[in-house]
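Each residue of the sequence shown is one higher than the one before, starting from 37 at the first, in the numbering used here. Just so it is clear, CB atoms sit at the ideal spot from N, CA and C, and this is done for glycine as well. Report on one structure; see the data block that follows.
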Amino acid sequence: MTEDKLRDYERKRDTDSSGEPSAGGRKTSRGTRTSFVVQRHDASSLHFDLRLEIDGVLVSWAVPKGPSLNPSDKRLAHRTEDHPLDYVDFEGRIGEGYGAGTVVVWDTGTFDNLTEEDGEEVALAQALDHGHLKVELHGEKLSGGFALTHTRMGGDEANWLLVKVDDDGADRRRRPTSTQNESVLSGHINEDFEGDEG
Ligand code: MN
């Protein structure tokens with residue numbers, strides 16, 4: 037099951053040369069709570085990759101402008117291939133090929149599923165299928181509810197929207213994506229990895 041989900045991940049890259057985690061690595065969760073990560077990926081264009089642990093893989097979206105704490109901001113989130121759980125703490129330089137560039141763990145932590153339909157909790161896999169997820173992130177830069185909605189904007193099946201829920205974690209003035217570039221794990225910024233071997 038997990039192997040099937042990671043087939044696109046393996047097809048798109050050679051992890052021996054890219055330096056990224058292999059698809060055959062850790063298959064179990066970090067602990068009893070599910071993890072999320074937002075990676076700042078300075079590739080052909082700068083973007084932020086939001087990944088949520090769902091049923092043994094990191095379900096992933098590339099968010100060009102990154103997550104916002106302002107509930108008025110609607111951020112395009114482009115669904116990309118599922119990533120292995122080991123990717124949750126990956127940072128460094130990706131060599132030539134798919135995704136070439138530098139990656140830092142911009143934020144990470146655990147999350148809770150808040151998705152409901154008709155007052156009933158909906159499992160994350162089902163919420164994905166239904167095209168609407170609500171999660172509560174417990175990170176350092178991001179906290180509180182975020183809604184992901186499958187909009188298919190412009191006729192693109194991969195297009196979702198990421199919007200901050202208006203709660204205690206919301207902040208209309210602070211923009212962490214432009215003022216806090218450093219990794220929450222290592223303190224590094226993307227540029228620190230530019231000279232590394234891929
Ligand atoms: Mn990326």
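Worksheet item: Sorry if obvious, but does the Cβ on Ala79 come closer than 7 Å to a heavy atom of the ligand MN?
Response: The residue labelled residue 79 in the question sits at position 43 within the sequence shown. Yes; taking the cut-off as 7 Å, the Cβ of Ala79 has a heavy atom of the ligand MN nearer than that.
Item to complete: Could you tell me if Glu190 is buried or exposed, where buried requires 16 or more neighbouring beta carbons within 10 angstroms of its beta carbon?
Response: Taking the sequence shown and counting its residues from 1, one reaches residue 190 at position 154. Looking at the sequence itself, residue 190 is Gly, so the reference to Glu does not match. Residue environment analysis places Gly190 among the exposed positions, since fewer than 16 neighbouring C-beta atoms fall within 10 angstroms of its C-beta.
Discussion item. Short of 6 Å in beta carbon distance, which residues of its chain neighbour Gly145, apart from the five on each side in sequence? Order them along the chain.
Written reply: Numbered from 1 along the sequence shown, position 109 holds the residue referred to as residue 145. Contacts found: His174, Gly175.
Worksheet entry | CA-to-CA distance, Leu197 to Thr187, given in whole angstroms | In the sequence shown, counting from the first residue as 1, residue 187 sits at position 151. In the sequence shown, counting from the first residue as 1, residue 197 sits at position 161. Roughly 7 Å between the two C-alpha positions.
Worksheet item: What are the partner residues of His166, as DSSP defines its beta bridges?
Response: In the sequence shown, counting from the first residue as 1, residue 166 sits at position 130. In the DSSP output, where bridge partners are listed per residue, His166 has none listed.
Discussion item. I need the straight-line Cα distance from Thr70 to Gly133, nearest angstrom please.
Written reply: Here residue 70 corresponds to residue number 34 of the sequence shown, with the count starting at 1. Here residue 133 corresponds to residue number 97 of the sequence shown, with the count starting at 1. When only Cα atoms are considered, Thr70 and Gly133 end up about 30 Å apart.
Worksheet item: Nearest-angstrom Cα distance between Thr38 and Phe229?
Response: In the sequence shown, counting from the first residue as 1, residue 38 sits at position 2. In the sequence shown, counting from the first residue as 1, residue 229 sits at position 193. Cα to Cα, Thr38 sits roughly 30 Å from Phe229.
Discussion item. Classify Thr151: buried if its beta carbon has 16 or more other beta carbons within 10 angstroms, exposed otherwise.
Written reply: Within the sequence shown, residue 151 is the residue found at index 115, counting from 1. Result: buried.
Worksheet item: What did DSSP end up calling Ser179 once you bin it into helix, strand or coil?
Response: Here residue 179 corresponds to residue number 143 of the sequence shown, with the count starting at 1. It is a strand residue.
Practice prompt. Verify the contact flag: Ala98, CB atom, against every heavy atom of the ligand MN, threshold strictly below 7 Å.
Written response: As a first step, residue 98 is located in the sequence shown; it is residue number 62 there, counting from the start. At least one heavy atom of the ligand MN is nearer than 7 Å to the Cβ of Ala98, so yes.
Discussion item. Shorter than 7 Å, the distance from the beta carbon of Gly133 to the closest heavy atom of the ligand MN, or not?
Written reply: For the purposes of this step, residue 133 is identified with residue 97 of the sequence shown, where counting begins at 1. No, the ligand MN has no heavy atom inside 7 Å of this Cβ.
Worksheet item: Less than 7 Å between the CB of His119 and some heavy atom of the ligand MN, yes or no?
Response: Here residue 119 is taken as the residue at index 83 of the sequence shown, counted from 1. Checking the Cβ of His119 against the ligand MN gives no.
Worksheet item: Under 8 Å, do Phe84 and Thr185 count as touching if we go by C-beta distance?
Response: For the purposes of this step, residue 84 is taken as the residue at position 48 of the sequence shown. For the purposes of this step, residue 185 is taken as the residue at position 149 of the sequence shown. No, these two residues do not count as a Cβ contact at 8 Å.
Worksheet item: Val85: beta carbon under 7 Å from a heavy atom of the ligand MN?
Response: Along the sequence shown, one-based indexing puts residue 85 at 49. The sequence given here places Asp at residue 85; Val does not occur at that position. The answer is yes for Asp85.
Discussion item. Is the separation between the beta-carbon of Ala194 and that of His114 shorter than 8 Å?
Written reply: On the sequence shown, residue 194 is found 158 positions in, with the first residue counted as 1. On the sequence shown, residue 114 is found 78 positions in, with the first residue counted as 1. Yes, these two residues count as a Cβ contact at 8 Å.
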